[in-house]
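In what follows, a single structure is set out as structure tokens and then discussed.
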Amino acid sequence: MEQKDINAIVALAKRRGFIFPSSEIYGGISNAFDYGPLGVEMKNNIKNEWWKMFVRKRQNIVGLDASIIMNPKVWEASGHVAEFSDPLVEDVKTHKRYRLDHLLEEHDIDITGMGIDEMSAVIEERGIKSPDGNALTNARHFNLLFQTHIGTTEETMSTVYLRPETAQAMFVDFKNIVSSSRVSLPFGVAQIGKAFRNEITPRNFIFRTREFEQMEIEYFVRASEWEEHFEEWLQEMDAWIQRLGLKKTRIHRAEIPEGERAHYSQRTVDIEYDFPFGRKELYGLAYRGDYDLQQHASHSNETLVIVDAQTNEKVVPHTIEPTFGVERTLLAVLVDGYTEEVLENDTRIVLKIAPWLSPYTVAVFPLVANDSQMRQKATTLWGSLSGSYSAFYDQSGAIGKRYRRQDEIGTPLCVTIDGDSLQDDTATLRDRDSMEQVRVQCSDISRCIHDVLQGLSFADIQSRYSV
Ligand code: ATP
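Here the sequence shown stands for residues 1 to 467, numbered as in UniProt numbering.
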């Protein structure tokens, strides 16, 4: 496996405005991050493309944007209040807390199928200490739900939770969706939004944070057909990963064994990615049976059913849940694309990412900043492109440095207006990955960008548009 330096990626992300530590001027806050000018563009590209692929381009998936704070009964019914916990141990001296399963994994102990008691026993038997060398307390379950209160007086105040996943709203709104939309089995409900978990050990940059975004689908199917839909969703998730352009060799499927699956799930597959800090879950796919709809039906006393058009009977559908983390997607894309190329005189940092993911699709430069005609022409060209594409204009500094700056942030194409452009209305188009250049008509530039976004290679662009 090609090893990438996570510190170099963290440094680039900060230097170029992708990801900043949150509240930095106040000393920061552990493991919270802000997405800067380029980070927000990339996150939006990811979310928009996902929505396009799974909602807009499908006839049987509808969208939802539900409230983050829901009736607390939702989380009682779903089992989160009682069971959404991780095993925690504490250093008896420093009182630092650790996730027991992670601690054992760091000691290369295979925890497959182990419950909290078995894991605690391993700590005892092997005399495993905290990373600071101190004894550890007995393990206990630590609930990850973030609690807060609503209401204005002590008496009326009630405890509520920040949602730990977007998923439950798709079950809670099932009745409204079925009655208001022309959905029939199989169909899905998709949502993108924030989720909050009081993680014991958030770490690895944006991989595990307490506040994050999910892109989730609850796909409702006939009970008898769950296996084929599960396979179909494995393929759909592969297609998404292919769209992201992630290297296949870094992607792995992990079948989750029975002891580690939720009790209601007959099959769960994690899609893992080789991050610089190890192979970790990127996405998940779970078959949830009819557990959630049954739970909400019994806790709310509502009937949560749909008429199956094939049999005309009312049924409680079963659910397949593909779930995708936005930040883990962004991190995998940054890791996958980050490249240091040793050139003759220096090293070039390039973010080799799919063109549609890049914060800017094109950068436009006048070759000479103090030539007003060049500036004018470049500004006009930028204006004509910025309506359709994410375009950046830059007139300061040596042209080579301007190219390098765009390479670092993954801009697939740069256009330079020079003296000849003023005479013949052509410009230089430069490719990020090969650094090759081609002379094209200014009126063709929009088409060149369109073609690159469609997946055409720069060689194709050259043969199609070169003048
Ligand atoms: P893990 O085992 O890593 O804690 P999980 O199995 O609890 O993850 P899920 O409940 O399946 O995760 O969450 C669905 C998706 O949400 C994950 O596949 C991941 O992409 C994302 N995700 C979960 N927890 C976090 C987090 N703390 N920070 C960032 N993304 C997260």
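We put the CB at the ideal spot given by N, CA and C, even for glycine.
Rounded distance between the beta-carbons of residue j and residue i, thought under 8 Å
i: TYR283; j: PHE324; result: 5 Å
i: ALA121; j: LEU334; result: Incorrect: roughly 40 Å between the Cβ atoms, too far for contact.
i: LEU234; j: ALA354; result: About 21 Å; that fails the 8 Å criterion.
i: ASP290; j: ILE349; result: Not quite, the Cβ-Cβ distance comes to about 50 Å (not below 8 Å), so this is no contact.
i: ASP270; j: ILE256; result: 6 Å
i: ILE206; j: PHE33; result: 6 Å
i: GLN168; j: VAL74; result: 5 Å
i: ASP91; j: SER130; result: 4 Å
i: VAL440; j: LYS43; result: So it is not a contact: roughly 31 Å between Cβ atoms.
i: GLU165; j: ALA195; result: 5 Å
i: VAL81; j: LEU145; result: 7 Å
i: VAL221; j: ILE61; result: Not quite, the Cβ-Cβ distance comes to about 12 Å (not below 8 Å), so this is no contact.
i: VAL438; j: VAL364; result: Not quite, the Cβ-Cβ distance comes to about 16 Å (not below 8 Å), so this is no contact.
i: ILE46; j: LEU330; result: 6 Å
Cut-off 7 Å between Cβ atoms - residues of its own chain near residue i, not counting five sequence neighbours on either side
i: THR159; result: PRO72, GLN147 and HIS149
i: LYS175; result: GLU302 and LEU304
i: ASN31; result: PRO202, ARG203, THR209 and ARG210
i: GLY151; result: MET157 and SER158
i: LEU38; result: ARG16, GLY17, PHE18, PRO359 and ILE409
i: HIS296; result: ALA77, PHE171, VAL172 and LEU304
i: PHE458; result: ASP431, SER434 and GLU436
i: VAL178; result: ILE306
i: PRO412; result: PRO355, SER358, THR361, ARG432 and VAL452
i: ARG404; result: ARG348
i: HIS102; result: THR201
Cut-off 8 Å between Cβ atoms - residues of its own chain near residue i, not counting five sequence neighbours on either side
i: GLY63; result: TRP51, VAL55, VAL189, ALA190 and GLN191
i: THR153; result: none
i: ASN138; result: VAL89 and SER120
i: ILE6; result: ASN204, PHE205, PHE275, PRO276, PHE277 and VAL335
i: MET1; result: Confidence in MET1 is poor, its pLDDT being 49 and thus under 50, which makes the residue's placement too unreliable to answer from.
i: LEU246; result: TYR273, ALA332, VAL333 and ASP336
Reduced DSSP secondary structure (H/G/I, E/B, other) of residue i
i: MET1; result: Unreliable placement is indicated for MET1, whose pLDDT of 49 sits below 50; the coordinate value is still reported in the next sentence. The answer is coil: DSSP assigns MET1 none of H, G, I, E or B.
i: PRO366; result: strand
i: TYR360; result: coil
i: LEU12; result: helix
i: PHE458; result: helix
i: PHE207; result: coil
i: ASN143; result: strand
i: SER85; result: strand
i: ARG267; result: strand
i: residue 535; result: Missing from the structure shown is residue 535; the chain here goes from 1 to 467 and no further.
i: GLY284; result: strand
i: GLN310; result: coil
i: SER158; result: strand
i: PHE171; result: helix
i: VAL305; result: coil
i: ILE252; result: Residue identity check: residue 252 is His in the sequence provided, not Ile. HIS252: strand per DSSP, three-state reduction.
i: ALA297; result: helix
i: ILE109; result: coil
i: GLU24; result: helix
i: GLN423; result: helix
i: THR323; result: strand
i: HIS95; result: coil
i: VAL467; result: coil
i: ASP34; result: strand
i: PHE46; result: Per the sequence presented here, residue 46 reads as Ile, with Phe not at that position. Looking at ILE46 - three-state DSSP - the assignment turns out to be helix.
i: GLU165; result: coil
i: ARG261; result: coil
i: GLN373; result: helix
i: GLY17; result: coil
i: ARG243; result: helix
i: GLU118; result: helix
i: GLU76; result: helix
Bridge-paired residues (DSSP) for residue i
i: PHE187; result: PHE220
i: TYR393; result: VAL364
i: ALA195; result: PHE212
i: THR349; result: Residue identity differs from the one stated: residue 349 is Ile in this sequence, not Thr. Beta-bridge pairing links ILE349 to GLU340.
i: LEU64; result: GLN191
i: ASP431; result: LEU413
i: ARG328; result: According to DSSP, which records beta bridges pairwise, ARG328 is partnered with nothing at all.
i: THR148; result: VAL160
Residues of its chain near residue i, where Cβ-Cβ distance is below 6 Å and the 5 sequence neighbours each way are ignored
i: LYS314; result: VAL305 and VAL307
i: SER23; result: ILE29
i: ARG464; result: none
i: THR347; result: GLU340
i: ILE417; result: PRO366, MET374, LYS377, ALA378 and ALA427
i: PHE242; result: The question names Phe, but residue 242 is Gln in the sequence shown. Closer than 6 Å at Cβ, skipping near neighbours: no residue.
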